[in-house]
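S.K.: Sharing a structure with you now.
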Amino acid sequence: MSTVSNYKIGDIGKNNPIFSAIRTTIETAFYGNNVEKVLSLTEAYKLAKNSPGTIITDMPVYKPEEIGLDKDAKILLFNDGEVTGRFAGARVIIGEPNVDENQYAGIAREVVFNTRYKKLYHAEAYIGLHEDFMVKAHLLIPEGYENTMYSWMLNFQYITEEYTKMYKNSKKLPEGDIYILSDPDYYPPTHPKGLALFDPEHNCALLCGMRYFGEHKKGTLTLAWGIANRNGFASCHGGLKRYNLGNNKTYTVGVFGLSGSGKSTLTHERHGGKYDITILHDDAYVISTEDGSSVALEPSYFDKTQDYPTNHPSNKYLLTVQNCGVTLDEDGRKVIVTEDIRNGNGRAVKSRLWAENRVDKIDEPVDSIVWLMKDSTIPPVLKINNPVLASVMGATLATKRSTAERLDQGVDINALVIEPYANPFRTYPLINDYEKFKELFEKREVSCYIFNTGHFIDKKIPKEVTLKILEDIATGKAEFKQLGNFSEIEYMEIEGYVPDMESEEYKKMWINSIKYRKDFLKEMETFKGGRDKLPEEALSALEKLEKEILE
Numbered sequence: 060m061s062t063v064s065n066y067k068i069g070d071i072g073k074n075n076p077i078f079s080a081i082r083t084t085i086e087t088a089f090y091g092n093n094v095e096k097v098l099s100l101t102e103a104y105k106l107a108k109n110s111p112g113t114i115i116t117d118m119p120v121y122k123p124e125e126i127g128l129d130k131d132a133k134i135l136l137f138n139d140g141e142v143t144g145r146f147a148g149a150r151v152i153i154g155e156p157n158v159d160e161n162q163y164a165g166i167a168r169e170v171v172f173n174t175r176y177k178k179l180y181h182a183e184a185y186i187g188l189h190e191d192f193m194v195k196a197h198l199l200i201p202e203g204y205e206n207t208m209y210s211w212m213l214n215f216q217y218i219t220e221e222y223t224k225m226y227k228n229s230k231k232l233p234e235g236d237i238y239i240l241s242d243p244d245y246y247p248p249t250h251p252k253g254l255a256l257f258d259p260e261h262n263c264a265l266l267c268g269m270r271y272f273g274e275h276k277k278g279t280l281t282l283a284w285g286i287a288n289r290n291g292f293a294s295c296h297g298g299l300k301r302y303n304l305g306n307n308k309t310y311t312v313g314v315f316g317l318s319g320s321g322k323s324t325l326t327h328e329r330h331g332g333k334y335d336i337t338i339l340h341d342d343a344y345v346i347s348t349e350d351g352s353s354v355a356l357e358p359s360y361f362d363k364t365q366d367y368p369t370n371h372p373s374n375k376y377l378l379t380v381q382n383c384g385v386t387l388d389e390d391g392r393k394v395i396v397t398e399d400i401r402n403g404n405g406r407a408v409k410s411r412l413w414a415e416n417r418v419d420k421i422d423e424p425v426d427s428i429v430w431l432m433k434d435s436t437i438p439p440v441l442k443i444n445n446p447v448l449a450s451v452m453g454a455t456l457a458t459k460r461s462t463a464e465r466l467d468q469g470v471d472i473n474a475l476v477i478e479p480y481a482n483p484f485r486t487y488p489l490i491n492d493y494e495k496f497k498e499l500f501e502k503r504e505v506s507c508y509i510f511n512t513g514h515f516i517d518k519k520i521p522k523e524v525t526l527k528i529l530e531d532i533a534t535g536k537a538e539f540k541q542l543g544n545f546s547e548i549e550y551m552e553i554e555g556y557v558p559d560m561e562s563e564e565y566k567k568m569w570i571n572s573i574k575y576r577k578d579f580l581k582e583m584e585t586f587k588g589g590r591d592k593l594p595e596e597a598l599s600a601l602e603k604l605e606k607e608i609l610e
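Heads up, the sequence shown is in this note's numbering, so the first residue is 60 and it goes up one at a time.
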């Protein structure tokens with residue numbers, strides 16, 4: 060089997076690297092006499108349906124029996140309170156400088172003790188949908204949050220006979236199962252806004268005061284991506300698709316971006332039916348550095364409902380809905396109110412049936428990687444022709460925050476920020492991602508592009524422009540020319556978005572953009588004790604750009 064669930068008696072002890080104080084504390088809670096194990100998706104559905112506050116809509120689940128539900132299953136809605144997004148300020152990672160493991164082990168013990176008078180549910184799922192990469196995950200959550208558990212089982216792969224057989228045949232990993240304990244009603248005195256504690260080396264997490272389902276989804280992926288990173292895979296927060304072009308020709312492209320950057324739109328785009336498209340996933344997958352193949356981590360999709368009015372055809376694929384309204388239609392049926400009328404960041408778990416052209420593994424090596432940015436210096440598309448620079452631009456991916464996040468007071472949602480490889484869920488040193496992506500660009504000769512999905516200077520780049528660029532790249536029609544004096548950067552000439560490299564004002568924008576990235580790399584040399592420091596070649600690649608633009 061892939062990850063370790065059971066141990067020989069002789070392997071249980073302090074010398075086994077799978078165990079730690081926090082992991083042992085969290086796992087132990089799963090065996091309490093107040094714990095009920097939920098063995099099937101239909102059982103989870105019934106528990107969620109009957110949980111106080113659940114709204115059972117009159118919208119049927121599409122083809123429920125293919126999902127693993129009874130034929131009369133309905134879309135369920137459950138709403139949180141004030142907070143409707145992830146809170147990065149709650150994340151604490153064991154192993155980072157100035158994080159006292161003993162202190163947090165004590166907090167974990169206190170959290171577990173405080174669950175003793177609560178009924179808890181234990182759910183299981185598989186993360187990774189192919190024998191090449193599968194891990195088992197466990198979630199423990201109190202009564203009253205059955206909807207969170209049900210959505211978690213839908214978002215990942217709930218246990219079935221088919222997937223259990225696959226799991227038994229999967230690649231063995233020297234890792235323990237993932238264990239996540241969540242108590243959304245408990246706030247540690249030291250963390251009045253909540254705590255998301257990760258012990259990534261030991262594949263466990265503690266979520267306190269975190270009602271939002273996205274914390275549970277991304278918390279699970281945080282640990283799965285860490286396992287992937289340690290075992291020969293590049294961990295990817297983005298989408299991946301394959302263009303099947305005929306004559307045995309294919310083109311596989313991965314797009315990387317934060318929520319709201321367009322990664323789902325680009326991944327699912329069918330280009331008006333002009334091309335045969337195969338989709339891996341739009342949010343979470345891993346790429347093998349050994350052969351370039353890719354494996355999806357989730358069967359379902361956790362999608363914003365903002366762009367889908369109630370009558371939108373995509374809504375028939377919803378399974379659960381979070382933080383949206385409900386009203387009555389002309390026939391008196393309870394239907395959802397979307398478009399973020401109730402609050403920002405309305406969400407839904409969508410069935411894998413949403414994408415008919417879906418697969419769980421793409422054998423063909425990835426051909427190109429696209430960093431999705433919102434940096435007004437950058438034209439709609441750039442091509443990066445140096446592996447070091449390509450990985451550096453991923454490490455300094457510049458974008459803007461989204462409504463999927465809960466921001467601390469005073470944080471400007473429109474400010475430009477750097478989020479390396481568009482993955483705020485990384486728990487390991489940044490150099491691990493840097494080297495893995497550099498290896499893909501260098502040894503596997505993967506092409507690198509940057510798409511600006513925001514504004515170029517002050518002109519919005521519509522999605523139609525971006526989609527045409529993607530189409531031309533995939534079909535080999537894209538023509539690029541050198542950008543100014545940059546020896547390793549090319550651009551595509553697009554009417555209305557042509558960069559004027561003779562303009563001193565525009566050059567200053569480039570100088571500032573490069574400086575912003577240089578400053579970030581310099582900050583990483585000391586931030587968290589230099590844990591995320593990159594090699595000198597990374598800063599040198601940016602200094603070369605700076606020199607070239609000043610020539």
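Glycine residues also receive a C-beta, built at the ideal position from the N, C-alpha and C atoms. Nothing here was measured: the structure is a model prediction, and the numbers come from that model.
#1: Is the beta carbon of Glu368 sitting closer than 7 Å to the one on Glu398?
#2: Which partner residues of Trp430 appear in the DSSP bridge assignment?
#3: Quick check: the stretch 121-131 against the stretch 407-418, are at least 3 beta-carbon pairs closer than 8 Å?
#4: In angstroms with no decimal places, state the Cα-to-Cα distance between Ser572 and Thr436.
#5: Once you ignore the five residues that flank Asn75 on each side, which residues in its own chain have a CB closer than 8 Å to its CB?
#6: Entirely within the stretch 261-304 and at least 4 residues each: give me those alpha helix (DSSP H) ranges in chain order.
#7: Mind checking who Val354 pairs with in its DSSP beta bridge?
#8: Alpha carbon to alpha carbon, what distance is there between Gly278 and Phe215?
#9: What are the start and end residues of the alpha helix (DSSP H) that includes Glu169?
#10: To which residues of the same chain is Glu464 closer than 7 Å at the C-beta, ignoring the five residues directly before and after it?
#11: Leaving out the 5 sequence neighbours to the left and right, which residues in its chain are closer than 7 Å to Trp569 when beta-carbon positions are compared?
#12: Could you give the distance in angstroms between the alpha-carbon of Arg590 and the alpha-carbon of Leu489?
#13: Compare the beta carbon distance of Gln509 and Met432 with 7 Å and say whether it is the shorter of the two.
#14: Quick check on this structure: which residue in Tyr487, Met560, Lys497 and Asp531 has the alpha carbon closest to the alpha carbon of Lys626?
#15: Pick out whichever of Ile114, Lys227 and Lys73 has its Cα sitting closest to the Cα of Glu205.
#16: Hey, out of Gln162, Phe78, Lys108 and Ile85, whose CA is closest to Val380's CA?
#17: Helix or strand or just coil, what does DSSP make of Leu593?
#18: Would Thr207 pass as a contact of Phe257 if the rule is Cβ separation under 7 Å?
#19: CB-CB under 7 Å to Trp430, same chain, minus the five flanking residues each way: which ones, in chain order?
#20: With distances taken between CB atoms, is the gap from Val94 to Ala182 smaller than 7 Å?
#21: Do you know whose CA, among Asn511, Tyr209, Val447 and Glu564, lies nearest Pro502's CA?
#22: Helix, strand or coil for His371, going by three-state DSSP, please let me know.
#23: Taking buried to mean at least 16 other C-beta atoms within 10 Å of its own C-beta, is Phe172 buried or exposed?
#24: Under the rule that 16 or more other beta-carbon atoms within 10 Å means buried, what is Leu128, buried or exposed?
#25: Grab me the residues of Pro558's own chain with a C-beta within less than 6 Å of its C-beta, minus the 5 sequence neighbours each way, in chain order.
#26: Going by the beta-carbon positions, is the gap between Glu423 and Thr337 smaller than 7 Å?
#27: Where Ser546 and Ile421 are concerned, what is the direct C-alpha to C-alpha distance, given to the nearest angstrom?
#28: Assign His181 to one of three DSSP states: helix, strand, or coil.
#29: How would you write the range of the beta strand (DSSP E) that Val194 sits in, first residue to last?
#30: Restricting to runs no shorter than 4 residues, where is the alpha helix (DSSP H) found entirely within the stretch 546-598?
#31: So what's Gly235 in DSSP terms, helix, strand or just coil?
#32: Look at Leu62 and Val194 and say whether their C-beta atoms are less than 7 Å apart.
#33: Which residues does DSSP pair with Leu254 in a beta bridge?
#34: State the DSSP-derived secondary structure class of Glu95, mapped to helix, strand or coil.
#35: Just curious, the beta strand (DSSP E) that Val380 is in, first and last residue?
#36: Decide yes or no for the touch test of the stretch 319-331 against the stretch 343-358: beta carbon pairs closer than 8 Å, at least 3 of them.
M.R.: According to the structure shown:
#1: The residue you asked about is not Glu; residue 368 is Pro in the sequence shown. Cβ distance < 7 Å, so Pro368 and Glu398 count as in contact.
#2: Phe315 and Ile509
#3: yes
#4: 7 Å
#5: Tyr66
#6: 272-289
#7: Val345 and Lys420
#8: 12 Å
#9: Glu160 to Asn173
#10: Residue confidence is low: Glu464 scores 49 on pLDDT, short of 50, so the model does not pin down where it sits. Its coordinate-derived value is still stated next. Correct list, in chain order: Gly144, Arg145 and Ala147.
#11: Thr436 and Ile608
#12: 8 Å
#13: Per the sequence shown, residue 509 should be read as Ile rather than Gln. In this structure, Met432 lies closer than 7 Å to Ile509 by Cβ.
#14: Past the boundaries of the shown model lies residue 626; the chain is included only from 60 to 610, so the question cannot be answered.
#15: Ile114
#16: Lys108
#17: coil
#18: no
#19: Phe315, Met452, Gly453, Leu456 and Ile509
#20: no
#21: The question names Pro, but residue 502 is Lys in the sequence shown. Answer by Cα proximity: Val447.
#22: coil
#23: exposed
#24: buried
#25: Pro438
#26: no
#27: 33 Å
#28: strand
#29: Phe192 to Pro201
#30: 563-583
#31: strand
#32: This sequence places Thr at residue 62; Leu is not what is there. Their beta carbons are under 7 Å apart, which means Thr62 touches Val194 by this criterion.
#33: Cys267
#34: strand
#35: Leu377 to Gln381
#36: no
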